[in-house]
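To start, the structure under review is shown below, and the notes come after it.
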Amino acid sequence: MSASKPSWRSSCPLNIALEIFGDRWTLLILRDLLVRNRSTFREFQSASEGIATNILSARLKKLTEEGIITSMRSEEDARVVRYRPTAKGLDLLPTIVEMILWAAKYEKTAASATMIDRLTNHREELIAQTRARFEGASD
2 MSASKPSWRS SCPLNIALEI FGDRWTLLIL RDLLVRNRST FREFQSASEG
52 IATNILSARL KKLTEEGIIT SMRSEEDARV VRYRPTAKGL DLLPTIVEMI
102 LWAAKYEKTA ASATMIDRLT NHREELIAQT RARFEGASD
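The opening residue of the sequence shown carries number 2 in my numbering; numbering runs sequentially from there.
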């Protein structure tokens, strides 16, 4: 639980979740981080949705403050900040997978049939692999 957020619009769990990560840009950043293996500001900004730099900065700050991601300087280039999910952030992965599958079921999307098949038939394995990729992320 986040002690830094003293009040929400309501104490409904769904409301609280939506206040933390329920806007379009935050979910797309989480998608890029968890599913597309992007980790830098520049990589997030290069997504086809075209997020503005000020919005990206604000969402990365909010995700960090909420304990969903952490940031650290790149070992290769100290000018570059890399973002990683925390355990709290990784716990959102099943939700993001379900949202991808829901959209692919009801809408025409860019997701390949192979990707949808893997997410549908090997969901737990893919989630475990993603978690393993980020083992050691700060909590």
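All residues carry an ideal CB built from backbone N, CA and C; glycine is no exception. Remember, predicted model here, so these are calculated numbers, not experimental data.
{"Check": "C-alpha distance - glutamate 50 paired with glycine 23, whole-angstrom precision", "Outcome": "17 Å"}
{"Check": "Between the CA atoms of valine 98 and isoleucine 69 - distance to the nearest angstrom", "Outcome": "17 Å"}
{"Check": "Contacts around alanine 104, its chain only, beta-carbon distance under 6 Å, and the 5 residues preceding and following it disregarded", "Outcome": "Thr110"}
{"Check": "Check whether aspartate 83 and serine 75 have beta carbons under 8 Å apart", "Outcome": "In the sequence under discussion, the amino acid at residue 83 is arginine, which differs from the aspartate named in the question. Their beta carbons are under 8 Å apart, which means arginine 83 touches serine 75 by this criterion."}
{"Check": "Glutamate 126 versus leucine 31 - alpha carbon distance", "Outcome": "19 Å"}
{"Check": "Meets three-Cβ-pair contact criterion under 8 Å: the stretch 88-96 and the stretch 43-62", "Outcome": "no"}
{"Check": "Runs of alpha helix (DSSP H) lying entirely within the stretch 25-60, each at least 4 residues, in chain order", "Outcome": "25-35 and 42-46"}
{"Check": "Residues near glutamate 44 by beta carbon distance below 8 Å, same chain, minus five either side", "Outcome": "Asp33"}
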